[in-house]
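The opening position of the sequence shown corresponds to residue 107 in the numbering used here, with each subsequent residue numbered one higher.
Quick reminder that beta carbons are idealized off the backbone N, C-alpha and C, glycines included.
Owing to the predicted nature of the structure, the values given are computational and were not obtained by experimental measurement.
Below is one structure, written out as structure tokens, with a few remarks after it.
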Amino acid sequence: MQRGGYKIKVLNTINFQKSMRYNPFVYIRSEKDILKLVNTIIANTKGDGEKSGEDFWVKSERLFYCALIGYIYYEAPEAEKNFTTLLEMINASEAREDDPEFQSPVDLMFERLEEKDPEHFAVRQYKKFLLSAGKTRSSILISCGARLAPFDIRELRELMETDEMELDTLGDRKTALFVIISDTDDTFNFVVSILYTQLFNLLCDKADDVYGGRLPVHVRCLLDEFANIGQIPKFEKLIATIRSREISASIILQSQSQLKAIYKDNADTIVGNCDTTLFLGGKEKTTLKEISEILGKETIDSFNTSETRGRELSHGLNFQKLGKDVPYLFVKSSVALNLS
107 MQRGGYKIKV LNTINFQKSM RYNPFVYIRS EKDILKLVNT IIANTKGDGE KSGEDFWVKS
167 ERLFYCALIG YIYYEAPEAE KNFTTLLEMI NASEAREDDP EFQSPVDLMF ERLEEKDPEH
227 FAVRQYKKFL LSAGKTRSSI LISCGARLAP FDIRELRELM ETDEMELDTL GDRKTALFVI
287 ISDTDDTFNF VVSILYTQLF NLLCDKADDV YGGRLPVHVR CLLDEFANIG QIPKFEKLIA
347 TIRSREISAS IILQSQSQLK AIYKDNADTI VGNCDTTLFL GGKEKTTLKE ISEILGKETI
407 DSFNTSETRG RELSHGLNFQ KLGKDVPYLF VKSSVALNLS
């Protein structure tokens, strides 16, 4: 591929030592990008027993993350704009139930920022977070720390301190980005979800703002093991709009039930926005039924004759066109065989 003029990029979440570095903070351009990053983190770091709904705790965590990332984006030096700084700020945060007047180092940082700019995005988010009581804030801080526990691994922090991916250049020149993920362990899948979320949004914005709606180099995403990537927020909308910007995506799954497990009611919308379906066989009943319905019925001609005996012999002929289910044999890695 290098001989063909491609630049090679690799994100390896199985062996960090063999991966190029990826820093999501490099691709934050505005406050809406902060919100997208926070939403992706929350959507892909849910515990097994955690409710997926928008409850008080999740909303409070979102405020806290937005405040800290907003502070880092606007106020931190370039070298400190990364998850390591975010973790340090969370670790430096504290709330005391028995001392409402207590201020942590992070509280003091935001207090100084408010004196300088009361309408600062980060300040406005943090003040909403502070509306909760001390005991409640302590619980929120614990939840935030637990959600980002994978960053306690030094190798992951080092992987995401700087950036070599250059995601915003994929539509400018020939580039091959390989994303290597585990098919048995989803611990670090949230990193891949963040990357794809930023990639799609960056390329769409660049197509609109720089190239008049279409990228000069077509970007094709071969999303193998799509169910193991995690959830890309608003993917049902992205898949419907990226094609006009010279971006395409091939979603590869073991069964369609995998898609429904992650995207719920939006799974049908995602499938509906895929122009072509290639089925290599399988045994999952829901998928087989859906594929059979897509293939449709076979039209057959039906002739019925009747004979009435009485004083006079009479004959009748009835002709109908009927729909009949077509029997198919699905063999893995082979074409569907019509058995009719």
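Counting only runs that start and end within the stretch 310–354, where is the alpha helix (DSSP H) found for 4 or more residues in a row?
Whole alpha helix (DSSP H) segments, 4+ residues: 341–347.
Tyr112 - DSSP class collapsed to helix/strand/coil
It is coil, neither helix nor strand.
Measure how close the beta-carbons of Thr275 and Thr281 come, nearest whole angstrom, since I'm counting them as under 8 Å.
Indeed, because the Cβ distance is near 7 Å, the residues count as touching under 8 Å.
Smallest Cα separation from His324: which of Leu141, Pro130, Cys172 and Ala355?
When each option's Cα is compared against that of His324, the closest is Ala355.
Helix or strand or just coil, what does DSSP make of Thr268?
Under the three-state reduction of DSSP output, Thr268 falls in the coil class, being neither helix nor strand.
What did DSSP end up calling Ser356 once you bin it into helix, strand or coil?
Three-state DSSP puts Ser356 in a strand.
Buried versus exposed call for Pro322 [16 or more other C-beta atoms within 10 Å across all chains shown]:
Classification for Pro322: exposed.
Tell me, which residues are paired with Val132 by DSSP?
Beta-bridge pairing links Val132 to no other residue.
Can you tell me whether DSSP reads Ala282 as helix, strand or coil?
It is a strand residue.
By how many angstroms is the C-alpha of Tyr302 removed from the C-alpha of Ile368?
Going by the C-alpha atoms only, they are around 15 Å apart.
Do Ile358 and Leu143 have their C-beta atoms within less than 9 Å of each other?
The answer is no: Cβ separation not under 9 Å.
What is the DSSP secondary structure of Leu117, counted as helix, strand or coil?
Strand, per DSSP.
For the alpha helix (DSSP H) that Pro211 lies in, which residues bound it at each end?
First-last of the alpha helix (DSSP H) with Pro211: Pro211 to Lys222.
Which listed residue (Lys124, Met266 and Asp139) has its alpha carbon closest to that of Ala185
Residue Met266 is the option with its Cα nearest to Ala185.
Examine the Cβ distances between the stretch 169–178 and the stretch 205–225 and report whether three or more of them are shorter than 8 Å.
Touching, yes, given that three or more Cβ pairs across the two stretches are closer than 8 Å.
Suppose you measure from the CA of Gly378 to the CA of Asp314; what does that come to, to the nearest Å?
Approximately 25 Å between the Cα atoms of the pair.
Among Gly277, Val164, Leu117 and Asp289, nearest to Gly251 - alpha-carbon criterion
Comparing alpha-carbon positions, the option among Gly277, Val164, Leu117 and Asp289 lying closest to Gly251 turns out to be Val164.
Can you tell me whether Gly336 is buried or exposed, with buried defined as 16 or more other CB within 10 angstroms of its CB?
Buried, by the Cβ-count rule.
Determine the burial state of Phe131: buried for a count of at least 16 other Cβ atoms within 10 Å of its Cβ, exposed for fewer.
Under the 10 Å beta carbon count, Phe131 is surrounded by 16 or more other beta carbons and is classified as buried.
Coarse secondary structure for Arg263, derived from DSSP in three states
The answer is helix: DSSP assigns Arg263 an H, G or I state.
Helix, strand or coil for Thr382, going by three-state DSSP, please let me know.
The three-state secondary structure of Thr382, taken from DSSP, is coil.
Below 8 Å on the Cβ atoms is my contact criterion, and I expect Leu117 with Ile338 to pass it. Report the Cβ-Cβ distance as a whole number of Å.
That pair is no contact at about 15 Å.
Which residues in the same chain have their Cβ closer than 6 Å to the Cβ of Ala228, if we skip the five residues on either side of it in sequence?
So the qualifying residues of the chain are Ala173, Gly176 and Tyr177.
Assuming the contact rule is C-beta atoms closer than 8 Å, Phe199 and Leu247 should be a hit. Round their C-beta distance to whole Å, please.
As written in the sequence, residue 199 is Ser, which differs from the Phe given in the question. 5 Å between Cβ atoms; contact.
Glu194, enclosing alpha helix (DSSP H) - first and last residue
Element bounds for Glu194: Phe189 to Asn197.
So, are the CB atoms of Ser125 and Ser238 less than 9 Å apart?
Taking 9 Å as the Cβ cut-off, Ser125 and Ser238 do not qualify as a contacting pair.
Own chain residues within Cβ distance below 7 Å of Pro256, not counting five before or after:
Shown here for Pro256: same chain residues with a beta carbon closer than 7 Å to its own, the five before and five after excluded, namely Leu262, Thr293 and Phe294 in chain order.
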